[in-house]
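Let me begin by presenting the structure, written as structure tokens, before commenting on it.
2 protein chains.
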Amino acid sequence: MVNFDYQNPTRIIFGKDTENETGRLASGYAEKVLLHYGGGSIKKTGLYDRVTASLKDAGLEVFELSGVKPNPRLSLVREGIKICREKQIDLILAVGGGSVIDSAKAIGVGADYDGDVWDFYTGKAEPQGSTPVATILTIPAAGSESSQGSVITNEDGGLKRPCNSLYMYPVFSILNPELAYTLPEYQIACGTTDIMAHMIERYFTNVKNVELTDRLLEGAMRNIIHHAPRLLQDSKNYATWAEVMWTGTVAHNNMLDTGRIGDWGSHDIEHELSGMYDIAHGAGLAIIIPAWMKYVHNHDLNRFVQFATLVWSAEMDFNEPAKTALEGIYRLEAHFKRMGMKTRLSEVGITADTYEAMADKATDGDTKTLGNFVKLDKAALMEIFSLAE
Amino acid sequence: MVNFDYQNPTRIIFGKDTENETGRLASGYAEKVLLHYGGGSIKKTGLYDRVTASLKDAGLEVFELSGVKPNPRLSLVREGIKICREKQIDLILAVGGGSVIDSAKAIGVGADYDGDVWDFYTGKAEPQGSTPVATILTIPAAGSESSQGSVITNEDGGLKRPCNSLYMYPVFSILNPELAYTLPEYQIACGTTDIMAHMIERYFTNVKNVELTDRLLEGAMRNIIHHAPRLLQDSKNYATWAEVMWTGTVAHNNMLDTGRIGDWGSHDIEHELSGMYDIAHGAGLAIIIPAWMKYVHNHDLNRFVQFATLVWSAEMDFNEPAKTALEGIYRLEAHFKRMGMKTRLSEVGITADTYEAMADKATDGDTKTLGNFVKLDKAALMEIFSLAE
């Protein structure tokens, strides 16, 4: 176990009808709220009305910025920052999924900074504060509702870049599983893939003696594997959504990776895919992760055997453990397919002639590597793309 | 899953040599620190010198109150409150195990209150604030380093009572597994029993559909079962202590019981035992929990079968699941014995003639019940004591 410094101050209000407490909770932080959301779906479901009523009942002044798209855009973030400054907003309330929350976080740190918010995503500067952000989660997936991360896409160049900062933890997040009932099957599949991916990135580490977090990650992964397919049969089951929604938060709130160093290579590769092709984040991960596993599994066969037996309950082959290791990868791929995900680049129209451009872009022309479990250079990426063909 | 409101703001600084960061961390909160500890053990190990040096290097003024005993006393708490007021202490630094930390928490809320601190432990009043408390943990057991609870004993009547409050979360806790190297075997056994007990109390719930936290609790319990016996062989193993110390914190930081309602009957019964006989908390739990399980297991046989199979890897007897349920209880008792704990009242000199007095005291003369999984009245307690004979 490596030394760590862990704190997650986000308050979670979880359960039925909890969105009606928004005003009461927000009034602890704010007089002027910027309501930030995507398109019309929260209006169709009535969530928009309930939330604005709750805010106004609490005597809060509400401003609005809608239009967040998947892979949230820097240009809208800049618009939000402008509103925050002009209106002296003291709480940004993100109502939506990871894209809306990530956009709100960018607005929050940007409004508190004299320079250009993109500096935080290029590493040129680090946030020193933020206008508080709160969330009402509608899509269990990204874990952004209780994480210190945000991913923004700069349309100028299709650059999708992450920023992590203690100032990006939301002050509170409201999680009502019922708000996910209207999600279409494809978004359920993408979201639960993303949740699994967050745990897989943490699980594959070179740090030894991390057994508590191994056990916690295995338990949480088994919970997603058990419940995600049930949502395809019954997308309005409270108990099932509650499991998936809470696991999605726990998967990414940094508790499960205390003392270990995660990989995150697959996420970085996927950011290139979705930055260049605008495919959903979960869709990219379902393709990259199994290929990445096939490429790296010999680096620590024992860990892949552990993944196969303790996550997938694969039979242990004591004479040929390598076969057990591969069995875990095959079961993960089968699970993604069962969820309706495509697991090959060719299935989403990405062909071999683009591999080199993607590998070059991800590695800045083979000048940097991705991942920690195995450091991936351009050649490694080319092999992973071939394995994902 | 039931609705919940979860927040744990305690910052954890975990790892080797982290006690040397005390001054840097404390200076974010304080100019005047009350160092609170037990006896001479932290002086013998040199921890006292390192901590005071770190505090003084950071320019902090240090006051002291030592003498905390197991089952920490109200009289010393009152002394601490007096010092805090006279010296205008702005941070109480507990260096020790759960008793020292619980005592510090009581001083913290008491210093911030005009009335008598015991009011918080009788339920007469609720804390509305606290002088900040920080901790350096030396005994993995109580989980108080990241919990909202404190248990204090009023010598006047041998009353041992808990108080829970959001104001009791420490602002930061320093966890260095090396600080536990000097613990004697008996304290290792008591501490790991207490950690198991915290998870068992959470595990046995009547709330349905709590599968994420079931899986997390099972994983964390397996981790203690795996590592605790190793400490008896090698009490200076960093990796093993790191597992036990971090699991001890996670077991009681309220993350693992989100959405469920724990039992806590065994803890309440044990408080009577250790309040009346001054036996160690873990020692009392090792006796009460197996007996409690034997008494209640038919209330939800499925859950006990789940405990046996997923925590203890007991073979499932599909034809006679009740046998599998009992097997889990027997394995827990065998584990406690292997750790060197006594598991019967008679072994610690508590005889049948005192059962009625204990049962009366715990239930206020059969006017209240203990526990949630099964409500225990005086008659139930008498049966549990018989099963523990």
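If you read the sequences in order, they're chains S and R.
Reading the first sequence from the start, the letters are residues 55 to 443 in the numbering used here.
Reading the second sequence from the start, the letters are residues 55 to 443 in the numbering used here.
Beta carbons are placed, not taken as given, at the ideal position from N, Cα and C, and that holds for glycine.
Residue j beta carbon less than 9 Å from that of residue i
i        : j        : result
Leu128/R : Ile242/R : no
Ala442/R : Leu339/R : no
Arg357/S : Tyr257/S : yes
Ala160/S : Ile143/S : no
Glu255/R : His321/R : yes
Ala411/R : Met330/R : yes
Asp248/R : Ala188/R : no
Val122/S : Val154/S : yes
Gly150/R : Gly302/R : no
Ser201/S : His90/S  : no
Ala434/R : Pro124/R : no
Leu270/R : Ala274/S : yes
Tyr60/R  : Arg65/S  : yes
Leu130/R : Ser81/R  : no
Gly313/R : Val365/R : no
Asp420/S : Asp431/S : yes
Gly152/S : Ile193/S : yes
Glu232/R : Lys348/R : no
Arg215/R : Val171/R : no
Ile323/S : Arg398/S : no
Pro63/R  : Ala148/R : no
Arg385/R : Ala368/R : yes
Chain R residues whose Cβ lies nearer than 7 Å to that of residue i
i        : result
Phe58/S  : Phe68 and Gly69
Arg357/S : Ordered by position in chain R, no residue passes the 7 Å Cβ test against Arg357/S, which lies about 16 Å from the chain.
Arg269/S : Gly273, Ala274, Arg276 and Asn277
Within chain S, the residues that residue i reaches when beta carbons sit closer than 7 Å
i        : result
Glu272/R : Gly273
Met309/R : Met309
Arg284/R : Within chain S, no residue comes near Arg284/R; the closest Cβ sits about 11 Å away, beyond 7 Å.
Identity of the residues DSSP links to residue i by a beta bridge
i        : result
Ile206/R : Arg215/R
Arg256/S : Answer is none; Arg256/S lacks a bridge partner.
Asn352/S : Paired residues: none, contrary to the question.
Leu229/R : Phe68/R and Leu191/R
Leu424/S : Leu430/S
Asp59/S  : Ile67/R
Residue interval of the alpha helix (DSSP H) (run including residue i)
i        : result
Thr267/R : Glu265 to Gln287
Leu147/S : Premise fails: Leu147/S lies in the beta strand (DSSP E), Leu145 to Gly150, not in any alpha helix (DSSP H).
Phe439/R : Lys432 to Leu441
Phe174/S : Asp173 to Thr176
Ile323/R : Gly319 to Tyr331
Ser129/S : Leu128 to Lys141
Val298/R : Tyr292 to Val304
Glu199/S : From DSSP, Glu199/S is part of no alpha helix (DSSP H); its letter is neither H nor E.
Ala179/R : Looking at the DSSP string, Ala179/R is not in any alpha helix (DSSP H), and its letter there is neither H nor E.
Tyr223/S : Unbroken run through Tyr223/S: none, as it is neither H nor E.
Ala334/S : Taken as a continuous stretch (DSSP letters only), Ala334/S belongs to no alpha helix (DSSP H), as it is neither H nor E.
Lys262/R : Counting along the chain, Lys262/R falls outside any alpha helix (DSSP H), and DSSP gives it neither H nor E.
Ala234/R : Looking at the DSSP string, Ala234/R is not in any alpha helix (DSSP H), and its letter there is neither H nor E.
Met412/S : Tyr409 to Ala416
Neighbour list for residue i in chain S, Cβ cutoff strictly below 8 Å
i        : result
Leu266/R : Gly273, Ala274, Asn277, Glu297, Trp300, Thr301 and Val304
Ala293/R : Met55, Lys262 and Asn263
Thr72/R  : Asn57
Under 9 Å by beta carbon: chain R residues contacting residue i
i        : result
Gly313/S : Phe68, Gly69, Ala296 and Trp300
Ser65/S  : It is Arg, not Ser, that sits at residue 65/S in the sequence shown. Per Cβ cutoff of 9 Å: Asp59, Tyr60, Gln61 and Pro63.
Arg104/S : Near Arg104/S there are no residues of chain R at all, since even the closest Cβ is about 16 Å away, more than 9 Å.
Start-to-end residues for the beta strand (DSSP E) that takes in residue i
i        : result
Ala188/R : Val187 to Leu191
Neighbour list for residue i in chain R, Cβ cutoff strictly below 8 Å
i        : result
Thr247/S : What Thr247/S touches in chain R: nothing, since even the nearest Cβ is about 18 Å away.
9 Å Cβ cutoff, residue i in contact with chain A
i        : result
His252/S : Any reference to chain A falls outside this structure, whose protein chains are S and R.
> Hey, which unbroken runs of the beta strand (DSSP E) at 3 residues or more fall wholly within the stretch 68-122 of chain S?
Replying inline: 86-91 and 115-119
>> Threshold first: 4 residues or longer. Then list the alpha helix (DSSP H) segments lying entirely within the stretch 356-407 of chain R, N to C.
In response: 375-392
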